[in-house]
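Trainee:
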Amino acid sequence: IVREMIVKQPISRNILKFLTFYGGFTDFGVAIRSSSDVIGQTDFDSQIPVFLFLSDGESNSGEQEMSDLYDLHGSKGLITYTVAFGEHPDRNKLNKMAERAHGTFCAAVDGIELIETFKVFIKGVERTTRFEN
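Per our numbering: the sequence shown = residues 1432 to 1564.
Now the structure itself:
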């Protein structure tokens, strides 16, 4: 359901009601591969793919999947961000993941810092968006 929503509907739709959140050790690889599949189904003639990964960094996977993501979609102009969120995130893990996808790493301790981080990302994406005139 989420995959179809992402591909067929604007991101502004209320997607939260379709998502389930779990705490604890997460397999990043599954999420990154699923996102890569969605990116692969999208036409990027007028858009640039942006991949934003937000986590506390607790996983034993993700680095290779980020490399694979970039290998598959980097030629489309893929922009990647990893964000460490929370009081004790694994910043090293998320930074390595960003590096593997030629992306940007940031950390946010609380909701206020997270909002400011997203504002920076949005400005960066706006500067690189392809518009047809």
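Note that beta-carbon positions come from the ideal geometry of N, C-alpha and C, so glycine has one too. Since the structure is predicted, the reported quantities are computational estimates derived from the model, not experimental observations.
Is DSSP giving A1462 helix, strand or coil here?
Mentor: helix
Trainee: Going residue by residue through the segment 1507 to 1539, where are the continuous alpha helix (DSSP H) segments of at least 4 residues, counting only ones entirely within it?
Mentor: 1522 to 1531
Trainee: For the segment 1471 to 1480 against the segment 1493 to 1502, are there 3 or more C-beta pairs whose distance is under 8 Å?
Mentor: no
Trainee: Which residue comes first and which comes last in the alpha helix (DSSP H) that contains S1498?
Mentor: E1494 to H1504
Trainee: First and last residue of the beta strand (DSSP E) that includes Y1484?
Mentor: Looking at the sequence itself, residue 1484 is Phe, so the reference to Tyr does not match. F1484 -> beta strand (DSSP E) spans V1481 to S1486.
Trainee: Determine the DSSP secondary structure at E1547, reduced to helix, strand or coil.
Mentor: helix
Trainee: Can the beta-carbon of C1537 be found less than 8 Å from the beta-carbon of V1514?
Mentor: A distance below 8 Å separates the beta carbons of C1537 and V1514.
Trainee: Helix or strand or just coil, what does DSSP make of S1467?
Mentor: helix
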